[in-house]
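Report on the structure given below.
Number of protein chains: 2
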Amino acid sequence: MALRHAVLAALLEGDGSGSGGEYSGYQLAKAFDIGVANFWHALPQQLYAELTKLEKEGLVAGRQVVQETRPNKRLFRVTEAGLAELEAFAATPSKPSFIRDDLLVKVQAADCVDTGPLIEQLEERASVAEAKIELFGKLLRKMRGELDEAEFLRRGERIGPYLTCLRGLALEQENKEWGLRVAAVLRERRAVHAER
Amino acid sequence: MALRHAVLAALLEGDGSGSGGEYSGYQLAKAFDIGVANFWHALPQQLYAELTKLEKEGLVAGRQVVQETRPNKRLFRVTEAGLAELEAFAATPSKPSFIRDDLLVKVQAADCVDTGPLIEQLEERASVAEAKIELFGKLLRKMRGELDEAEFLRRGERIGPYLTCLRGLALEQENKEWGLRVAAVLRERRAVHAER
DNA sequence: GAAAGCATGTAACCGGTTACATGATTGG
DNA sequence: CCAATCATGTAACCGGTTACATGCTTTC
């Protein structure tokens, strides 16, 4: 039961554009897709359900916003109780991080299956990673504003998302590099195989 | 429903020590802990259940081994049908990889919670990562035997597990580096905060 | 005119986690 | 003597995924 904490942590950021510390379910889902997906994956339905639960427990507070040209929405912010919950969570020992990756399963079996489709998927993965690398680069620049990184990390106001984004960036760089390298290795072996 | 494929892929390796391509449930659980955990996480109960299911479907074959000094066990190997299943799986598009990490959730909220316990956890995480780095280094050396890496990747027989292990190594190096860096950043900020 | 974006959910199902259960042998 | 290792499961519960449901507005 830790989706709740991921939601609370994401909600702290609000959307920056204005009221600060507020997200609708829809906006939250988008934020998850971009920044939070590096360390927590969740579907929109889960988020809507979790927000409802958190509201009942008083950990977030929602307010209705009536819109004319758009459907109405509810904006949520973390309450005092929510903060306390996060605080408590931050002090408990962390579970080991946990990964699931189809593509790695396939590479594990690379000696026994046709590597053609694998090479394709690895290169596809690398190009997705490259797109994320660029995105994260932009996000980081935006967050740190005019300060350089060292300065920002020393005196910036909200460094949490910056630090997790750095992690995401490193992960995707690793993803790209590894994917291209493995694809190259498998190609080379296909060539050697074909020679004989 | 992809645990089955992770099990099949892991089973392909057997345990090296002897009969090749055979694991008991118990051994499989250990293999998951070491090599496979980098890209797939599963509890022993799941593995026992999955092996039973796979056997019913004919994707693996089990044989009973009676032992006197130890409890009896069943050793499983991948069948032709199992290989075909893996082959088919390898050719389908991969789901995006999926991560869950408590510690990153906490770092995301670092601006709003006490960073003391966070720093501890980050350093703990880094030292766990270091242990894994050493372990993977040994595993890689063992797998490649007397060949150097480039040579092994060109002509080695079973490179699948080697390639996934390389990924695990890179991941843990990244983990360690990031953990130490973030811990240092948070420490520095505590110091600055204390000054005022 | 079609597709993408805004906005929020419900319901059924299935996979994963937690807790429980057993019991002999070997090493520190 | 206690802990760890070998060895295999069952059962209840809960969280996550898949599929379904709606409907208006903006952009291409």
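Chains as they are written, first to last, in the numbering used here: chain P, 11 to 206; chain L, 11 to 206.
The beta-carbon is built from N, C-alpha and C at its ideal position, and this holds for glycine as well.
Residue range of the unbroken alpha helix (DSSP H) whose run includes residue i
i          : result
Val-76(L)  : No alpha helix (DSSP H) contains Val-76(L), which DSSP labels as neither H nor E.
Ile-44(L)  : 35 to 44
Arg-80(L)  : Here Arg-80(L) belongs to no alpha helix (DSSP H), and DSSP marks it neither H nor E.
His-15(P)  : 13 to 22
Lys-105(P) : No alpha helix (DSSP H) holds Lys-105(P); DSSP gives it neither H nor E.
Phe-146(P) : 126 to 154
Leu-181(P) : 170 to 205
Glu-67(L)  : Run containing Glu-67(L): none; DSSP gives neither H nor E here.
Leu-160(P) : The question names Leu, but residue 160(P) is Ala in the sequence shown. Run containing Ala-160(P): 159 to 165, per the alpha helix (DSSP H) assignment.
Closest residue to residue i among the options (Cα-Cα distance)
i          : options                                           : result
Ala-141(L) : Asp-121(L), Ile-129(L), Gln-183(L) and Ala-120(L) : Gln-183(L)
Gly-92(L)  : Gly-72(L), Glu-198(L) and Asn-48(L)               : Gly-72(L)
Lys-116(L) : Ala-193(L), Glu-97(L), Gly-147(L) and Glu-205(L)  : Ala-193(L)
Gly-166(L) : Leu-190(P), Arg-154(P) and Arg-200(P)             : Arg-200(P)
Arg-151(L) : Cys-175(L), Lys-40(L), Leu-132(L) and Val-195(L)  : Cys-175(L)
Val-46(P)  : Ile-109(L), Pro-103(L) and Glu-134(L)             : Ile-109(L)
Arg-164(L) : Arg-191(P), Pro-81(P) and Leu-57(P)               : Arg-191(P)
Pro-103(P) : Lys-148(L), Phe-86(L), Cys-122(L) and Glu-133(L)  : Glu-133(L)
Glu-144(L) : Gln-131(L), Cys-122(L) and Leu-181(L)             : Leu-181(L)
Cys-122(L) : Met-153(P), Ala-100(P), Asp-121(P) and Val-123(P) : Ala-100(P)
Arg-197(L) : Gln-131(L), Arg-177(L) and Arg-154(L)             : Gln-131(L)
Arg-177(L) : Leu-38(L), Leu-149(L), Ala-204(L) and Thr-79(L)   : Leu-149(L)
Phe-86(P)  : Arg-168(P), Ala-204(P) and Leu-38(P)              : Leu-38(P)
Arg-168(P) : Ala-94(L), Ile-169(L) and Val-195(L)              : Val-195(L)
Leu-57(P)  : Ala-204(P), Tyr-33(P) and Arg-80(P)               : Tyr-33(P)
Terminal residues of the beta strand (DSSP E) in which residue i lies
i          : result
Val-88(L)  : 83 to 88
Phe-108(L) : 108 to 110
Beta-carbon proximity of residue i to residue j, cut-off 7 Å
i          : j          : result
Pro-171(P) : Glu-23(P)  : yes
Ala-136(P) : Lys-186(P) : yes
Arg-84(P)  : Gln-74(P)  : yes
Gly-35(L)  : Leu-61(L)  : yes
Leu-41(L)  : Ala-20(L)  : Before going further, note that residue 41(L) is Ala rather than Leu in the sequence given. Going by C-beta atoms, Ala-41(L) is nearer than 7 Å to Ala-20(L).
Leu-173(L) : Phe-146(L) : no
CB-CB length for residue i against residue j, believed under 8 Å
i          : j          : result
Leu-18(P)  : Leu-96(P)  : 5 Å
Ala-139(P) : Gly-189(P) : 7 Å
Lys-107(L) : Asp-111(P) : The displayed chain sequence assigns Ser, not Lys, to residue 107(L). That pair is a contact at about 4 Å.
Asn-48(P)  : Leu-64(L)  : Actually they do not touch by this definition, with Cβ atoms about 33 Å apart.
Val-88(P)  : Gly-31(P)  : 7 Å
Original post:
Counting Cβ pairs, one atom from each stretch, are 3 or more of them under 8 Å apart for the segment 42 to 52 of chain L and the segment 13 to 23 of chain L?
Top reply: Yes, the segment 42 to 52 of chain L is in contact with the segment 13 to 23 of chain L.
Original post:
Within the chosen definition, does the segment 117 to 129 of chain P reach the segment 144 to 161 of chain L through at least 3 CB pairs nearer than 8 Å?
Top reply: For the pair of segments examined, the segment 117 to 129 of chain P was found not to touch the segment 144 to 161 of chain L: the number of CB pairs separated by less than 8 Å stays below three.
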